[in-house]
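Working notes for the structure below.
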Amino acid sequence: MASEPDPDRLKALEKRLQQVKGKVEPERTNTVKGFSQGEVAWRMVIELVTGMSLGLAIGYGLDVLFGTLPIFLVIFSLFGFAAGVKTMLGSAQHLAKDAADKAAKEGD
5 MASEPDPDRL
15 KALEKRLQQV
25 KGKVEPERTN
35 TVKGFSQGEV
45 AWRMVIELVT
55 GMSLGLAIGY
65 GLDVLFGTLP
75 IFLVIFSLFG
85 FAAGVKTMLG
95 SAQHLAKDAA
105 DKAAKEGD
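Per our numbering, the very first residue in the sequence shown carries number 5; after that it's consecutive.
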């Protein structure tokens, strides 16, 4: 029958492995200031959808109020889309600037 492994031998093996590996943890390459690329993408999608949703809601509300159903809905849908794209591009520029600043800091 196999007995339990010796804890002292296991600790010694772990120490040797750590010495060989050099205790260097891999750096996360796909992050921008702690956010993964997936999180950044979802943030941008949410900004775009929020802008469009607000435009649709405002347009529909004005159409119901004034009795002109498709006019304000179409106009404010386009305004909401433009606002969402503008917000999304602003976030992308801000994240790119932060990444460039971080890269410049690490280069010094």
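The C-beta atom is built at its ideal place from N, Cα and C for all residues, glycine as well. What you are looking at is a predicted structure, and each value in this text was computed from that prediction instead of being measured.
Pull up the DSSP beta-bridge partners for Ser95, would you.
Note: Ser95 sits in no beta bridge, so no partner.
Tell me which residues share the same chain as Leu60 and place their Cβ nearer than 8 Å to its Cβ, disregarding the 5 neighbours each side in the sequence.
For Leu60, where only same-chain residues beyond five positions count, the Cβ hits under 8 Å are Leu77, Phe80, Ser81, Gly84.
Nonlocal neighbours in the same chain, by C-beta distance under 8 Å from Val53, ignoring five residues either side:
Counting only Cβ-Cβ distances below 8 Å, and skipping sequence neighbours, we find Gly88.
Euclidean distance between Cα positions of Glu110 and Ala103
Their Cα atoms are separated by approximately 11 Å.
To the nearest angstrom, report how far apart Leu93 and Lys25 are at their CA atoms.
Cα to Cα, Leu93 sits roughly 42 Å from Lys25.
Count the other CB atoms, across all protein chains shown, that sit within 10 Å of the CB of Gly4; report buried if there are 16 or more and exposed otherwise.
Any property of residue 4 remains undetermined from this structure, which presents the chain solely from 5 to 112.
Could you have a look at Ser7 and say whether DSSP puts it in helix, strand or coil?
Residue state, collapsed to three classes: coil.
Asp67 beta carbon less than 8 Å from that of Leu73
Less than 8 Å separates the beta-carbon of Leu73 from that of Asp67.
My assumption, with CB atoms under 8 Å, is that Val1 sits in contact with Leu99. Please give the rounded CB distance.
An answer regarding residue 1 cannot be provided, because it is not within the stretch 5 to 112 covered by the chain.
Ends of the alpha helix (DSSP H) at Thr54?
Residues 41-70.
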